[in-house]
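Visitor: Below is a structure I'd like to ask you about.
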Amino acid sequence: MSQTNGQNNTKTAVLAMGCFWAPDGLFGTTKGVLRTKVGYSGGTTENPTYRNIGDHTEVTQVDYKYVRGWVYPPK
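Heads up: the sequence shown begins at 750 in this note's numbering, then just goes up one per residue.
Structure, rendered in structure tokens:
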């Protein structure tokens with residue numbers, strides 16, 4: 750999922766990569782990333798926790814500055 754937030758050229762992506770700690774650390778230190786948040790998505794368990802996620806998936810939300818034509822790694 751990716752969405753543009755208004756006119757300020759920021760976008761949001763929600764990534765499910767099996768665990769949220771590694772992506773949070775990776776993207777949280779990447780140039781252009783404004784903030785990260787971790788949590789749980791999907792599933793039917795009421796109020797999932799780290800020790801009892803039930804059938805949810807761990808996800809990382811990444812809010813980043815969008816620059817058209819930007820390629821990683823920068824040349």
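No residue lacks a Cβ here, since even glycine has one placed at the ideal position from N, Cα and C.
Between threonine 785 and threonine 809, how many whole angstroms is the CB-CB distance? I'm expecting something under 8 Å.
Guide: In this structure, threonine 785 and threonine 809 form a Cβ contact; the two beta carbons are roughly 6 Å apart against a cut-off of 8 Å.
Visitor: Name the DSSP beta bridge partners of tyrosine 813, please?
Guide: Lys760, Val782
Visitor: Given that a residue counts as buried once 16 or more other Cβ atoms are within 10 Å of its Cβ, and exposed if not, what is glutamate 807?
Guide: buried
Visitor: Taking the alpha-carbon positions, what's the serine 790 to leucine 783 distance?
Guide: For serine 790 and leucine 783, the distance between alpha carbons rounds to 21 Å.
Visitor: Whole angstroms are fine: how far does the CA of glycine 788 sit from the CA of glycine 774?
Guide: 14 Å
Visitor: Assuming alanine 771 is part of the alpha helix (DSSP H), what are its boundary residues?
Guide: Per DSSP, the continuous alpha helix (DSSP H) segment holding alanine 771 begins and ends at 770–777.
Visitor: Just the C-alpha distance for glycine 803 and aspartate 812, rounded to the nearest angstrom, thanks.
Guide: 26 Å
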